[in-house]
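Shown next, in structure tokens, is the structure this report addresses.
Right, dumping it as structure tokens:
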């Protein structure tokens, strides 16, 4: 009986899983750990929220759905960081930029797998995932940008 | 007609700025407060000052939170009530804004506002980490951004959109370092050349060491009074006639523009309207040059010039002493120094000296109207204040 109940609770379709997922920053990073770039879509005004929020900043709605975003975007601006906080010092110099995703929202992050001198404003980059669990709080897996 | 005085500055004080070994933040604040008390002999601080509002960015530098009552105690003002304000690098301009509101509300007649930060006992990596806390944590800090990094993102975007050059940014540093040679309290009283700036160590491309403001120790304070009673305390007051405040998202990536800051524009509009002044009326300005690109963007968002023309305004010499709108006569954050929590009131202190004719070698001629612009974070907060000679 117990086994049956457990099975009932764990066997759910993906859509139901999504419905249960809270619209939190924590959940955004749980999806990153599953190599998914997800946004909360406001069911009232259609705004895509990255990160998800408990309240739509445009229309005050609290009614959202999860949508998976295409992991492609255009580089709006970038820098190469030489002096970093202690936890990033061993990565220096590292490139960091802001991309505008094909679906609209913007995302900041590290640009990896390319030489800093090859980076150009306007270039196409893809969002990739580093699912290793970092040791320091809050242990969120990381996404990063790389050339396609 | 100019806007009516909101409050009057009856005195102000500034500590030395720099790497001040062996002196804590509270002790530095006393240095600033002592100057303000000595400037205003008609004031009985213990009796007359009714409240203290103190800006400080981070308790991490000195492992000391709850700084406000400590400042009240160490300046000899206890039991005068005290509170701390925090909006990153604009923490003490926030104290000023709230000081103005406290007097306008009718609660108080005389309020002391100020700010302090003691930063230099920490390593550069530690300071970089504490400063980065003013950026959005989940997306910016977590991905390794730094404050120079955020302004570098704006610099890259500005260079891309408007063809602003690294030379134009370097000229901001050259100007502000030159001005600091005439300010005995400045952290770095040393000239630099464009080539030295361009050749200095890379911090966050395209920003180099000399594009960045200094990690400094320092404190600043001002004593505000209801305008009707200011003449009891000084014959030479400075009136604040405009105050503006704007807020924006924590994350730079969440903003519509990467080359202009909405918080500056909103604060500017509010302050100009209240003071009934136009940019061309400003005789002296202290603007937030945490990085050289920030001063160039500030020129544009303060309407000193059109969008994209900030680099040219710098190159034309308009903002040098002797130009139409001298900016950062004190040396700015760049060379006078940037003890974060003290900066907003330190800007006020320079305008106070200029409008009362006490700026000595760097005195701007015929100084009637001044402006300060203090930015928090990468543009999440901004305060603009307008001053006139009493």
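Protein chains in written order, with this note's numbering: chain A, -8 to 139; chain B, 71 to 460. By construction, the Cβ of each residue, glycine as well, lies at the ideal position given by its N, Cα and C atoms. From a predicted model like this one, the values you see are computed outputs, not experimental measurements.
Handout entry: Outcome for residue 81 of chain A when other beta-carbon atoms lying within 10 angstroms are tallied against a minimum of 16
Key = exposed
Exercise for the section: Taking C-beta pairs closer than 8 Å, name the residues in chain B that residue 97 of chain A reaches, listed in chain order. Expected result: 323 and 324
Handout entry: Whole-angstrom distance between residue 130 of chain B and residue 412 of chain B, CA atom to CA atom
Key = 16 Å
Practice task
Compare the C-beta of residue 309 of chain B with all C-beta atoms of chain A and state if any pair is closer than 8 Å.
Solution key: no
Handout entry: Exposure of residue 376 of chain B, with buried meaning 16 or more beta-carbon neighbours within 10 Å
Key = exposed
Practice task
Taking only beta-carbon positions, decide if residue 190 of chain B is within less than 8 Å of chain A.
Solution key: no
Exercise for the section: Output yes if chain A places a C-beta closer than 8 Å to the C-beta of residue 272 of chain B; else output no. Expected result: yes
Practice task
Measure from the C-beta of residue 73 of chain B to each C-beta in chain A and report whether the shortest distance is under 8 Å.
Solution key: no
Problem - Closest by C-alpha distance to residue 100 of chain A, when choosing among B:212, B:193 and B:145 - result: B:212
Exercise for the section: Grab the span of the beta strand (DSSP E) containing residue 85 of chain A for me, first residue to last. Expected result: 85 to 92
Practice task
Determine the direct distance from the alpha carbon of residue 154 of chain B to that of residue 61 of chain B, and round the result to whole angstroms.
Solution key: Because chain B spans 71 through 460 in this model, residue 61 of chain B falls outside it and cannot be assessed.
Handout entry: Three-pair Cβ contact test at 8 Å for the segment 221 to 240 of chain B versus the segment 265 to 277 of chain B
Key = yes
Problem - C-beta contact flag for residue 277 of chain B and residue 222 of chain B at 8 Å - result: yes
Problem - Rounded C-alpha distance that separates residue 52 of chain A from residue 15 of chain A - result: 15 Å
Problem - Pairwise C-alpha distance: residue 150 of chain B and residue 120 of chain B - result: 6 Å
Problem - Under the three-state DSSP convention, the category residue 37 of chain A falls into - result: coil
Exercise for the section: Return the chain-ordered ranges of every beta strand (DSSP E) run that is complete within the segment 136 to 189 of chain B and spans a minimum of 3 residues. Expected result: 152 to 155 and 180 to 188
Practice task
Output the distance between the C-alpha atoms of residue 274 of chain B and residue 84 of chain A, rounded to the nearest integer angstrom.
Solution key: 9 Å
Practice task
Let me know the secondary structure DSSP gives residue 2 of chain A once reduced to three states.
Solution key: Legend: pLDDT at residue 2 of chain A = 41, less than 50; position of this residue unreliable, value from coordinates given subsequently. Coil at residue 2 of chain A, not helix or strand.
Practice task
Check the Cβ-Cβ distances between residue 32 of chain A and every residue of chain B, and say whether any is below 8 Å.
Solution key: no
Practice task
Can you pull the chain B residues whose beta carbon is under 8 Å from the beta carbon of residue 133 of chain A, in chain order?
Solution key: 212 and 213
Practice task
From the DSSP output, in three-state form, read off residue 262 of chain B for me.
Solution key: coil
Exercise for the section: Taking C-beta pairs closer than 7 Å, name the residues in chain A that residue 199 of chain B reaches, listed in chain order. Expected result: 76 and 77
Practice task
Pull up the DSSP beta-bridge partners for residue 117 of chain A, would you.
Solution key: A:63 and A:137
Handout entry: residue 377 of chain B: contacting residues in chain A (beta-carbon distance under 9 Å)
Key = Here the premise fails: no neighbours, minimum Cβ distance about 16 Å.
Handout entry: Per-residue burial, residue 109 of chain B [other beta carbons within 10 Å of its own, 16 or more giving buried]
Key = buried
Problem - Cut-off 7 Å between Cβ atoms - residues of its own chain near residue 395 of chain B, not counting five sequence neighbours on either side - result: 352, 355, 374, 388 and 389
Exercise for the section: Look up residue 311 of chain B in the DSSP assignment and say whether it is helix, strand or coil. Expected result: strand
Practice task
Kindly list, in the order they appear in chain A, the residues whose Cβ is closer than 7 Å to that of residue 195 of chain B.
Solution key: 76, 77 and 80
Exercise for the section: For residue 453 of chain B, write down the residues that DSSP places opposite it in a beta bridge. Expected result: B:315 and B:444
Handout entry: beta strand (DSSP E) segment containing residue 77 of chain B, residue limits
Key = 77 to 84
Handout entry: Where residue 276 of chain B sits in the DSSP three-state scheme
Key = coil
Handout entry: Delimiting residues of the alpha helix (DSSP H) encompassing residue 109 of chain B
Key = 95 to 109
Practice task
Give the residues of chain B in contact with residue 140 of chain A, contact being defined as C-beta atoms less than 8 Å apart.
Solution key: The structure shown has nothing for residue 140 of chain A, since chain A only spans -8 to 139.
Problem - residue 444 of chain B at chain A interface by Cβ criterion, 8 Å - result: no
Practice task
State the Cα-Cα distance for the pair residue 220 of chain B and residue 137 of chain A, rounded to the nearest angstrom.
Solution key: 20 Å
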